[in-house]
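Data block below; observations after.
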Amino acid sequence: MNSNAPPHDYQNVVKATQGPFSTRWRYLLAVTVILQFFLIINSSWRAQPDAALYLELGESLAAGRGYVFNNEPHTYAPPAYPALIALVNVLLGRDLLFYRILMSVLGLFTGLLAYMLIRRLCGSETALLLGGFCITSHALLENSTITCSDTLFAFSVFLAFHALLSLGVSGRRGWALATAVCGLAAGLPALVRINGWGVAPALAFYMAHTNRDASLPRRAGQTALFLAVAIAPAAAWEYYKSFFPKSCNEGTYVNAVLGRDISTQISVMLNSLKDYAYEITYACTGVSIKTGVLELVIPLLILLGLLRLMWQGERLFGPFVLIQMAGLCLSPAGSRYLIALLPGFAIFLAEGVA
């Protein structure tokens, strides 16, 4: 990739987010962020079905019983987050306080990666507003109190974005190794959540459309190498779990989706799409609005900004958001699934308002 070429000129976004921001405002944001992630630490457990699932999987791994839930081999949730729970369990002990500390620290670093991502794309002043929007968002903070995989998924996605953008300054020498490392980073989200399978194709699309200084065979080879390495970790996990003993109660996400008849699938998708109007507004503002009208404003502005920027040639966040939303609409909606989309939402919202 051309090291001097920005991924996209977010000129309207930058202009719309300029203001009299001083160092004092940056200090205020830093203090706010540190306080919010410190104050959510306690030894209580927020009971949710998925939280119970991940805790039991992690503690089963830590105890040497394998990837087991309810005394049966588990084939549904990917293994990265339970493995992280198991690591904390082995190193620090089986204590809810340690799990809450883990989630708070993970939330803080996830927000920092989102902030830094917007900063490297749009500059420091835009990052103060849009990056601040991401790092203080209700969706990120709330889900940094729950032992679920959504925050880790967002962390792995933002890490993959940074790796992709860093690939542009890696130079011509060693491009294969740099591409492989980038592919490995892009493969991590699929080990956290099933919709992580959509991350690598979205980033590969960006790679193929921006690496214009290389020959066509070189671009094709680089993109193919990136995809091969990105797919390998999750493919290896799928192969490994194919040897699990058959379970009476466990299944896979793919079978759950393909097992629906067409009318049920269409109904699920339409209901999910409708519900995401509310969930997007809730994730972005923390305000619960269910009027049937007002909650459409923010999603429509985001959609407008996405269409405008993609028409202008934006290929970084646009394909990623579209692929993720298409996958998310296959199951019931939830604001916690949107954390990884917040930087894209912030940029598209600013473009839609501009």
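Residue numbers (my numbering): -1 to 352. Every residue, glycine too, gets a C-beta built ideally from N, C-alpha and C. Fair warning: this is a prediction, and the values are worked out from it, not measured in the lab.
Using the C-alpha atoms, what's the distance from residue j back to residue i?
i	j	result
alanine 112	glycine 105	11 Å
isoleucine 192	glutamine 322	11 Å
glutamate 140	cysteine 327	22 Å
glycine 219	leucine 302	34 Å
methionine 267	leucine 26	42 Å
valine 86	histidine 72	20 Å
alanine 158	alanine 183	5 Å
glycine 196	valine 319	10 Å
phenylalanine 203	proline 317	8 Å
leucine 324	alanine 198	Here residue 324 is alanine; the residue named in the question, leucine, does not match the sequence. C-alpha separation (whole angstroms): 15 Å.
serine 265	alanine 176	44 Å
isoleucine 229	leucine 201	12 Å
phenylalanine 315	isoleucine 345	9 Å
tyrosine 65	leucine 339	29 Å
threonine 262	asparagine 269	11 Å
leucine 431	glycine 257	Nothing can be reported for residue 431, as the shown portion of the chain is limited to -1 through 352.
tyrosine 237	phenylalanine 343	35 Å
leucine 82	glycine 56	7 Å
What does DSSP give as the partner residues of residue i in its beta bridges?
i	result
glutamate 354	Missing from the structure shown is residue 354; the chain here goes from -1 to 352 and no further.
Quick one: is residue i buried, meaning 16 or more other Cβ sit within 10 Å of its Cβ, or exposed?
i	result
proline 187	buried
tyrosine 97	buried
alanine 137	buried
leucine 298	exposed
leucine 95	exposed
leucine 33	exposed
isoleucine 260	exposed
alanine 331	buried
glycine 361	This structure cannot speak to residue 361, because the chain is shown only from -1 to 352.
asparagine 209	buried
glutamine 46	exposed
proline 243	exposed
Which of the three DSSP states is assigned to residue i in this structure?
i	result
alanine 410	Past the edges of the chain, shown from -1 to 352, lies residue 410, and the structure says nothing about it.
proline 330	coil
tryptophan 43	coil
phenylalanine 343	helix
alanine 50	helix
proline 4	Confidence in proline 4 is poor, its pLDDT being 43 and thus under 50, which makes the residue's placement too unreliable to answer from.
methionine -1	Low confidence applies here, because methionine -1 scores a pLDDT of 46, under 50, leaving its location unreliable; read the following figure in that light. In this structure, methionine -1 counts as coil in the three-state DSSP scheme.
glutamate 312	coil
threonine 262	helix
arginine 306	helix
I'd like to check one pair, residue j with residue i: are the Cβ atoms closer than 8 Å?
i	j	result
isoleucine 116	leucine 100	no
glycine 166	cysteine 132	no
alanine 281	serine 333	yes
methionine 205	leucine 162	yes
aspartate 7	cysteine 146	no
isoleucine 38	threonine 149	no
threonine 30	threonine 134	yes
Taking 7 Å as the cut-off, is the CB of residue i close to at least one heavy atom of the ligand ADP?
i	result
proline 215	Looking for the ligand ADP in the displayed structure turns up nothing, as the structure carries no ligands at all.
Against chain B, does residue i count as a neighbour if the rule is that its beta carbon must be under 8 Å from one of theirs?
i	result
leucine 314	Checking the listed chains, one finds no chain B in this structure; it contains a single protein chain.
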